[in-house]
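Per the numbering used here, the sequence shown starts with residue 91, numbered consecutively. Just so it is clear, CB atoms sit at the ideal spot from N, CA and C, and this is done for glycine as well. Reading through the structure tokens given below for one structure.
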Amino acid sequence: MSKKNGIQWAANGVLALLGLGVAVIPNGMRFTGWLLLGAAAAWTAGRLLCRWAERSRAGRVCKRLFFTGLALGLACLIAIEFALLRRGEADNSALPVDAVIVLGAGVNGEEPSAALWSRIRAAEAYLETHSGVPVVLSGGQGPGEEISEAEAMRRCLQGPDGEEETRFLLEDRSTNTAQNFAFSKELLEEYGLDTETAVVAVVTNDFHCFRAHMIAQKQGLHIIDVPAELPWWWLTANYYLREAFAVVKTALFD
């Protein structure tokens, strides 16, 4: 093995170990770890195919198919990421709405996660200029959560004297985005809103806006996006990458 090849294999090994460490250590970036492991595996497969292609016609065909598929996959990933970024940067704060839905995210015990805190802050800022409309706080209770995501948001958004309590509608049954919208739609209709014509502002993280829009449209809701930014760029990058695969799943299977 040449010195150049040795360095390349060593770098790939470091990449794999880094991916394994990120995937195993609880840090909110597990998906990035698995993606790094996948990249190391793809590099290894590509190198082995190149060696096979030097000795076999079948190897050359497999190599061509592999790299063509890899290029197409990367092109699709880039296109989806562009769509996610464009949707996540939208500013709809000046548009009139008939209701607001704040989508839940993880709760650690009774404390909102970083993702949920960012949504709470974005909702708080948005509601200051959009008073008088019903607000659905949407999110059930999952593993490791001592209270529902809806209740965690209510505690943070409610005024000190409880003056906002009647404005907030708690949807605490949902466990995914599709249920968020389905159950929130029921609450808004019970409140008296015509959801077929109403415009609803949806507060969620910037990386999640595109898929949330897809799911809401399937359920007949007319929504505008109110994106919330995470506090750390590395978490944002992780979630944007993960979300691209979630968009494909939603488009194909949901």
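Residue environment, residue i, which counts as buried when at least 16 other CB atoms sit within 10 Å
i, result
"N198", "exposed"
"R154", "exposed"
"A173", "exposed"
"Y330", "buried"
"N266", "exposed"
"L126", "buried"
"F343", "exposed"
"E235", "buried"
"D315", "buried"
"K275", "buried"
"T287", "exposed"
"F335", "exposed"
"L164", "exposed"
"G310", "exposed"
"A341", "exposed"
"A148", "exposed"
"L325", "buried"
"G109", "buried"
"R177", "buried"
"T256", "exposed"
"L219", "With the sequence shown as reference, residue 219 is identified as Thr, and Leu is not the correct amino acid for it. Exposed: under 16 other Cβ atoms inside 10 Å."
"I115", "exposed"
"P224", "buried"
Supposed contact pair residue j and residue i - C-beta distance, whole angstroms, cut 8 Å
i, j, result
"N295", "A205", "6 Å"
"A302", "L193", "7 Å"
"A143", "R137", "No, A143 and R137 are not in contact; Cβ-Cβ is about 11 Å, not under 8 Å."
"E333", "F297", "5 Å"
"N95", "W133", "Rounded, the Cβ-Cβ distance is 12 Å, inconsistent with contact."
"G123", "V112", "3 Å"
"V337", "A318", "Not quite, the Cβ-Cβ distance comes to about 18 Å (not below 8 Å), so this is no contact."
"I191", "V289", "Not really, about 12 Å apart at Cβ, beyond 8 Å."
"L283", "D188", "6 Å"
"F156", "A135", "7 Å"
"A212", "S203", "With 8 Å as the limit, A212 and S203 do not qualify as a contact, their Cβ atoms being about 14 Å apart."
"L160", "C152", "L160 to C152, Cβ: 12 Å. No contact."
"L320", "S208", "5 Å"
"I305", "F271", "6 Å"
In DSSP terms, what residue i is bridged to
i, result
"S228", "L193, E261"
"P202", "V197"
"E235", "G199"
"A318", "N295"
C-beta neighbour in chain B for residue i, strict 9 Å
i, result
"T122", "Annotation note: the requested chain B is absent from the structure, which comprises a single protein chain."
What beta strand (DSSP E) runs, 3 residues minimum, are completely inside the segment 101-132? none
May I have a chain-ordered list of the beta strand (DSSP E) segments no shorter than 3 residues that lie completely inside the segment 287-314? 289-295
Flag this pair as touching only if the segment 255-265 and the segment 220-236 have three or more C-beta atom pairs under 8 Å; answer yes or no. yes
Tell me, please, whether the segment 236-246 touches the segment 273-287 by the rule of three or more beta-carbon pairs shorter than 8 Å. no
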